[in-house]
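Residues 446 to 1097 (this note's numbering) make up the sequence shown, in order. All residues carry an ideal CB built from backbone N, CA and C; glycine is no exception. Note that the structure is a prediction, hence the values are computed from the model and not measured. For reference, the structure is listed below as structure tokens.
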Amino acid sequence: MHMVTIAPIEGATREIRLGVQRGTVTLRSSDGLQVAGWDAVTGSLLTLRQDEPLAVSKLFDSTILLQTPTGEKGLFNVHLELRVDEPERLDIGVLVAHVHLDCDADRDGAVGLNEEGKANWIWGENGRGAMVLVDNDRDVTSETLDEREPIVVRPLGVDALPPGVSLRLSTAPEAALNMSLLRWRGDTYEKVIGRLPGEAPQQLVTAATVHPSGETLYLAAHAYPGPYFEGLVIFNLELVQEVGAAERVIAADRVMLRVAPWIMTPNTQPAVKIYTTRVAHGKNNNAEFLAGLKAAVEAEKLTLEIIEAGDHRDDRWIQDEIEIGYSQTHRGTIPVVFDSPRDRGLDSYPEAKMLGADFGHFVVGGGVPGSLDSFGNLEVSPPVTVGGKNYPLGRVIVGGRRDNDLAHDSRQMMAEVRQFLYSQRVQFPFELYTDWLAVAHVDEIVCFVPDEAAPKGFRCLLASPAKTKAVLLDLHHGGHGDAILFEGKTRDGADAQCTVTEMLDDAPFWKANEHYQTVMDENRVILERELGLVSADFVQIPVAFRSAARPDGSLRRTLAYFPDMVNHLVVGTTSIVPKPYGPVVDGECAFEKAFKSALPGRRVVFIDDWYSYHEMSGEVHCGTNALRRPFSASKWWSVKPEGGYDIKELKF
């Protein structure tokens, strides 16, 4: 039997070439379908009548037409007899039906019938293409957001297909590795295609037979776009007939979906919840830090989540362990925590305590983690426009080595994490030079704060040794050279206290910091280029770095000399800043005054972190983390990102 399909529309037709040029064709039966052909001479329609032979030469191009008079769905059998030298039976199975596979291509929350653009993916406000959230939360009730996206196989109108004919659904192996297509069995889901989390690669399924009566299946994505998976999932639905050892595709349809990316939230987004740890014992306990942080956060009417010792195992660096972002489609938004590859004492906390209903969690691994793979080295700018290119969700910023620095001892974030960040597309990353720092995190030198008075709605704070020296020189020239810095503090076990004059007289210290300032000037140029910033967008914050000279005069990687005020927690219009313990003049710390004067519209709270964080190579930002509200107006699919492209036509 030769199988064909006809659309279930009144008067719809299908052409079939007979494959011979002479002899006769006789209609023996048609199950109610009309069988005809075009007159080879006049072009008029010739109707084949049952049991009346018709010369093949009378048919244009030796072709007959099968027509459904009503469009009624079903399976029909047409029996013809061809006679050239000997009679030959020709059986044609005619399926009057559409082979339709559907998804929510118009992004309205419902799967419509044969929606336009279902096999396309187009960026923009009026774009087309279905989306699916990664299913990486832990749902326990039906009241939560369902990340699974429906895929509908439309019914063919028959209960069974002829022998040797099947309806097959398939996808590519690279897509199947990162998702599961599921069938609901009344009380549980079963896998149809793909691979369930935890399954071995050998259990991968790329194709399955589906029933002609139709069904709704559910796509669960298990991975974000990455270096080996672009995030596009294509399903092909084929009506297939076995032909000997081969097969023939009778009819087909396809849909395309894109996995929603993971998105970071900048400091300009409102905070919802703050995280930190409690370190109760030892000289480096954070009791004073916690008291200051708690008061500042409560004043903002926010929740402060304090992670106790059993959950952090002496690891206080919550900023380095996690980055809290989100993922979103037209169906909803879910916060998602990116668990860094550093895997220290806090490693189990995000999975054990944060992963839950409508709160996702994922990791990216593959390399050997170093300092730059901690997420103090992962930041994001506010939304910007650069040379006419719009970044409505901002741009990801990481720290690393200088461009073209391939020295063996140069450092950058592991390739797997960088590849992941670039693969999200919608917050296209760039790198600053931080390898000159011992810890080498971008949050040591750059911070963004919201500022309604600023031209772009935010300011970019930069660590500035030059600003530190300028503040000290102003004090010295004003007769305050004896003012004391770091009173009562120790640095590496030695007395840290000094006067303004003594600090200014430390020539090796300032020679090193002049170099560090040139490095910061390099980074400023990068920020200007990559974010479209100008002079008015920057604020220079007093920060100085330790002089760490080798015997040959070259500089080792360095740390902040006093608490780094750039490295602070931004909560709306409030900055929670490490107390710098600078020179006090007229009852006010000169470094604190410089910070507040540079940002007059902000409420600034200084809290102690000298021993609890600063002396351990970190600051306030390193010891805290924030869950922030996702962007509400900016949707990732509304603007084509850098490197993005439209799939406007994808033929089967």
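Pair within 8 angstroms by beta-carbon distance, residue i and residue j
i       : j       : result
Glu497  : Thr471  : yes
Arg758  : Gly805  : no
Thr721  : Leu749  : yes
Val539  : Leu499  : no
Thr1003 : Ala994  : no
Asp982  : Ala908  : no
Ile461  : Thr508  : yes
Thr946  : Gly923  : no
Thr713  : Phe903  : yes
Arg473  : Leu527  : no
His1066 : Asp896  : no
Gln764  : Phe807  : no
Leu662  : Val1016 : no
Arg1047 : Pro715  : no
Separation of residue j from residue i, as counted between CA atoms
i       : j       : result
Ser1079 : Gly572  : 14 angstroms
Leu930  : Asp580  : 53 angstroms
Arg593  : Gly1088 : 27 angstroms
Arg628  : Asp547  : 15 angstroms
Phe1097 : Ile596  : Caution is warranted here: a pLDDT of 45 is assigned to Phe1097, below 50, making its placement in the model unreliable, and the coordinate value is therefore given only provisionally. Those two C-alpha atoms are separated by around 18 angstroms.
Leu684  : His545  : 10 angstroms
Thr450  : Arg640  : 33 angstroms
Leu917  : Asp850  : 35 angstroms
Glu876  : Arg969  : 12 angstroms
Ile986  : Ser868  : 33 angstroms
Thr654  : Leu664  : 16 angstroms
Pro646  : Leu622  : 8 angstroms
Pro618  : Arg699  : 16 angstroms
Pro514  : Leu601  : 18 angstroms
Thr487  : Met448  : 30 angstroms
Val843  : Phe680  : 36 angstroms
Tyr1090 : Leu906  : 34 angstroms
Ile1052 : Pro827  : 26 angstroms
Ala575  : Asp784  : 28 angstroms
Trp881  : Lys912  : 19 angstroms
Val979  : Val829  : 12 angstroms
Pro1028 : Asp937  : 20 angstroms
Met701  : Thr633  : 26 angstroms
Thr774  : Ala736  : 39 angstroms
Ala555  : Gly562  : 14 angstroms
Arg703  : Trp483  : 46 angstroms
Where the beta strand (DSSP E) through residue i begins and ends
i       : result
Ser1042 : No beta strand (DSSP E) contains Ser1042, which is instead part of the alpha helix (DSSP H) from 1035 to 1043.
Thr654  : 652 to 654
Glu692  : 691 to 704
Phe983  : 983 to 987
Tyr878  : 875 to 878
Glu687  : 677 to 688
Pro780  : 777 to 784
Any non-hydrogen atom of the ligand FMN closer than 7 angstroms to residue i Cβ
i      : result
Gly737 : The ligand FMN is not part of this structure, which contains no ligands at all.
Range of the contiguous alpha helix (DSSP H) that encloses residue i
i       : result
Phe1051 : Not the alpha helix (DSSP H): Phe1051 falls in the beta strand (DSSP E), residues 1048 to 1052.
Lys718  : Lys718 -> not in any alpha helix (DSSP H); beta strand (DSSP E) instead, spanning 716 to 722.
Val862  : 860 to 868
Minimum C-alpha distance to residue i - residue among the options
i       : options                          : result
His886  : Cys905, His921, Gly845, Lys901   : Gly845
Gly464  : Ala481, Lys934, Leu838, Leu504   : Leu504
Asp848  : Asp927, Gly821, Thr879           : Thr879
Val523  : Met446, Arg467, Asn565           : Met446
Trp568  : Ala705, His656, Val541, Ala457   : Ala705
Met799  : Arg1048, Val871, Lys718, Tyr1026 : Lys718
Arg583  : Ile986, Asp937, Val782           : Val782
Leu604  : Arg1047, Lys518, Thr913          : Inspection of the sequence shows that residue 604 is occupied by Asp rather than by Leu. It is Lys518 whose Cα lies nearest to the Cα of Asp604.
Gly671  : Ile971, Gly811, Glu733           : Gly811
Leu935  : Asn729, Gln864, Pro814, Asp632   : One detail in the question is off: residue 935 reads as Thr in this sequence, not Leu. If we check each option's Cα against that of Thr935, Asn729 comes out closest.
Lys1085 : Arg1073, Asn835, Tyr1058         : Asn835
Val1022 : Leu817, Phe807, Gln648, Asp1009  : Asp1009
Glu1059 : Asp549, Lys1041, Val988          : The question names Glu, but residue 1059 is His in the sequence shown. Comparing Cα-Cα distances from His1059 to each of Asp549, Lys1041, Val988, the minimum goes to Val988.
Glu753  : Ala697, Asp553, Ile767, Asn731   : Asn731
Gly468  : Ser502, Leu478, Ser475           : Ser502
Strand pairing of residue i, partner residues [DSSP]
i       : result
Glu660  : Val598
Ala575  : Leu702
Val894  : Arg904
Phe674  : Gly671
Pro1023 : Ile1052
Asn522  : Gly538
Thr1018 : Looking at the DSSP assignment, Thr1018 forms no beta bridge with any residue, so it has no partner.
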